[in-house]
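For reference, the structure is listed below as structure tokens.
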Amino acid sequence: MLSKQTLNLIEKTNIFENSIKWIASKENEKISKLSTNEALNLIGNIIFFGNLFKNCLSVCLLDWAYLVNRILKYCAFIVTDNKKSNCWHHPLLGWTSERIDGGYQWAFTRMIKQISLLWSKEMVEFLAINFFTNFDETKLPQQQNVKRKNSKSFGEIPIFPTMDNKLPSDFLQKFIGKFGSKKHQETIGSIQAVALPPFTSPIIFCQLYQNALLAFYNSRIEILSSLSRNDSLVLAKLWHYINPDVSNTEGFKTCLGYLVTDPGVTSPHFAPLQLFGEIAYSLISILDEREMYETEKPFTRIQLCQIATFANRFCFHAIWDSLIDFENRRSSLLFTSMYNLLNILFNRDCRRQFTPSKNFWTIPEISFKAFVTEFERNETSKRAQLLMEKMPHIIPLRDRIFLFRKFIQFSSKISQEEQKQNKVKHKDRQLTIFDL
2 MLSKQTLNLI EKTNIFENSI KWIASKENEK ISKLSTNEAL NLIGNIIFFG
52 NLFKNCLSVC LLDWAYLVNR ILKYCAFIVT DNKKSNCWHH PLLGWTSERI
102 DGGYQWAFTR MIKQISLLWS KEMVEFLAIN FFTNFDETKL PQQQNVKRKN
152 SKSFGEIPIF PTMDNKLPSD FLQKFIGKFG SKKHQETIGS IQAVALPPFT
202 SPIIFCQLYQ NALLAFYNSR IEILSSLSRN DSLVLAKLWH YINPDVSNTE
252 GFKTCLGYLV TDPGVTSPHF APLQLFGEIA YSLISILDER EMYETEKPFT
302 RIQLCQIATF ANRFCFHAIW DSLIDFENRR SSLLFTSMYN LLNILFNRDC
352 RRQFTPSKNF WTIPEISFKA FVTEFERNET SKRAQLLMEK MPHIIPLRDR
402 IFLFRKFIQF SSKISQEEQK QNKVKHKDRQ LTIFDL
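The sequence shown: position 400 = 401 (our numbering), numbered continuously.
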């Protein structure tokens, strides 16, 4: 532990601020050569001193966020959910695809305490206020299309630039990665491609905590609880950022248009939507009846209906128009966050209705005849099957019963045909035996 005099000296001489700028400017020479444990020690110290010297942090906030996000993204890259023979367990990261030296175990306790400051109440409030309200957007350069080679090395994981970068045009090359390197279709199904908007500071905040959720899987509950503690500061601002026009009932098409533009979900513009889905699901799942229907916190009933419409239509079009590649981890995580939110809202509405009508959850864009046609094809429609598995509520109950009866008739016909074929085969066998 450093003495109080040393800490005062660090604050007066701006050592922390200058160190952050120096490390950020030298990332290709220094950070890229660090091992995983050394990188975790570095991020622990960066978070600890950032939490301690918030006045200095506000000056070098973008550089600080660049370093933290860079290391978090690498940690999220090596973390795996599969406990295979080629995976190793790390006390902080959990199961990883990379063998990590265990010689730093004595520092893990201190390291965990330092890193957990990132989702402490004070740090979340500080970052939310600075990135959502007080941040100067002129510090962020304009967007441009770039190319990047695929890489797995720590030194080539892209996030942010430095504040004093001599080439501001490199900003999105580091942050967005390979987005814009390919030409995509202008429309998929009924969804038109939407050009990604100018880069904004809330995206930095969202990707910072999104990478933290992916890197420190064992601490997900703590991180989400901290982000949802002050719902008016983070959750409400995220919803306003995603759907700024309350009167627009088709705001979901904008996010779906982003998927048409970037089907690989490589752009950081998806981070606010994914983080909102995870925080809202975590909070709504623990709300009691009084909080949700009487106090109406964190959302009013009108807002709950707006969010439910957004999630319902987003998930439907993502499946029906084949906008989501479930084998792609990034797009699958994005869909899962919105689908979990949709499920919890639908279940709460079934238990006690907050929507205005029973037909609220149905989708007007698709007719029942068109949906049945999908099942009457020679090859069964995968998207229709997936919708019936994940979102059966989009079809009215009466139509679902009709479809269920049709399934029974179809399966009975198949079974009868199989029985006839088996009888014919059995007779043929008997005849061959008699011939012998």
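For every residue, glycine included, the Cβ atom is placed at its ideal position computed from N, Cα and C.
Quiz item: Is L228 closer than 9 Å to W65 when the C-beta atoms are compared?
Solution: no
Practice problem: Indicate the three-state DSSP secondary structure (helix, strand or coil) for V69 in the structure shown. | Solution: helix
Self-check item: Option in M389, A216, L236 with minimal Cα separation from V1
Solution: Missing from the structure shown is residue 1; the chain here goes from 2 to 437 and no further.
Exercise. Taking H318 as part of the alpha helix (DSSP H), name the residues at either end of that continuous run.
Key: 302 to 321
Practice problem: May I ask you to list the residues that DSSP assigns as paired with Q193? | Solution: T188
Exercise. Report all residues from its chain with a CB closer than 6 Å to the CB of N244; omit the five preceding and five following residues, and keep chain order.
Key: G252
Quiz item: Considering only residues of the same chain and omitting the five flanking positions on each side of L73, which have a CB-CB separation below 6 Å?
Solution: N212, A213, A216
Quiz item: Taking all protein chains shown into account, do 16 or more other C-beta atoms lie within 10 angstroms of the C-beta of V247, making it buried, or fewer, making it exposed?
Solution: exposed
Self-check item: N- and C-terminal bounds of the alpha helix (DSSP H) containing G95
Solution: Here G95 belongs to no alpha helix (DSSP H); instead the beta strand (DSSP E) covers 95 to 97.
Practice problem: Within the same chain, show all residues whose beta-carbon is closer than 6 Å to that of L3, passing over the 5 residues directly before and after it, in chain order. | Solution: none
Quiz item: Could you check where the beta strand (DSSP E) with H91 kicks off and where it finishes?
Solution: 89 to 91
Exercise. Just the C-alpha distance for F54 and R221, rounded to the nearest angstrom, thanks.
Key: 26 Å
Quiz prompt | Complete runs of the alpha helix (DSSP H) confined to the segment 258 to 307 [at least 4 residues] | solution = 272 to 285
Self-check item: Pairwise C-alpha distance: N38 and C57
Solution: 26 Å
Self-check item: Rounded distance between the beta-carbons of N231 and E126, thought under 8 Å
Solution: 7 Å
Quiz item: If we count Cβ pairs, one from each stretch, closer than 8 Å, do we get three or more for the segment 325 to 333 versus the segment 366 to 374?
Solution: no
Practice problem: Give the range of the alpha helix (DSSP H) segment to which H241 is assigned. | Solution: 236 to 243
Exercise. Using the Cα positions of Y75 and S33, report the straight-line distance between them to the nearest angstrom.
Key: 11 Å
Practice problem: Just mark C262 as buried or exposed, buried being the case when its beta carbon has 16 or more other beta carbons within 10 Å. | Solution: According to the sequence displayed, residue 262 carries Thr and not Cys. With 16 or more other Cβ atoms within 10 Å, it is buried.
Self-check item: T363 vs H318 beta-carbon contact at 9 Å
Solution: no
Quiz item: Between L404, L62, N87, which lies nearest to M124 when the distance is taken from Cα to Cα?
Solution: L62
Self-check item: Length of the line joining the Cα atoms of R353 and Q422
Solution: 51 Å
Self-check item: Exposure label - N413; buried when at least 16 CB within 10 Å
Solution: Note on identity: in this sequence residue 413 is Ser, with Asn being the wrong assignment. It is exposed - the Cβ of S413 has fewer than 16 other Cβ atoms within 10 Å.
Quiz item: Which of helix, strand or coil does DSSP assign to V125?
Solution: helix
Practice problem: Tell me whether V247 sits in a helix, a strand or coil according to DSSP, three-state version. | Solution: coil
Exercise. Measure the alpha-carbon distance for A25 versus T134 and round it to whole angstroms.
Key: 24 Å
Practice problem: In angstroms with no decimal places, state the Cα-to-Cα distance between R111 and L93. | Solution: 11 Å
Exercise. Determine the closest residue to S226 out of C256, S20, T296, S117, with distance taken between C-alpha atoms.
Key: S117
Practice problem: Just mark N131 as buried or exposed, buried being the case when its beta carbon has 16 or more other beta carbons within 10 Å. | Solution: buried
Quiz item: Going straight from the alpha carbon of I21 to that of T356, what length do you get?
Solution: 50 Å
Self-check item: Residue ranges of each alpha helix (DSSP H) within the segment 8 to 35, 4 or longer
Solution: 16 to 26
Exercise. Quick one: give me the first and last residue of the alpha helix (DSSP H) that K55 is part of.
Key: 55 to 60
Exercise. Counting only the same chain and skipping the five closest in sequence on each side, list residues whose C-beta sits under 7 Å from that of S286.
Key: I345
Quiz item: Are there 16 or more other CB atoms within 10 angstroms of the CB of L128, so buried, or fewer, so exposed?
Solution: buried
Quiz prompt | Pair within 9 Å by beta-carbon distance, R258 and A312 | solution = According to the sequence provided, residue 258 is Gly. The question's Arg does not apply to it. Going by C-beta atoms, G258 is not nearer than 9 Å to A312.
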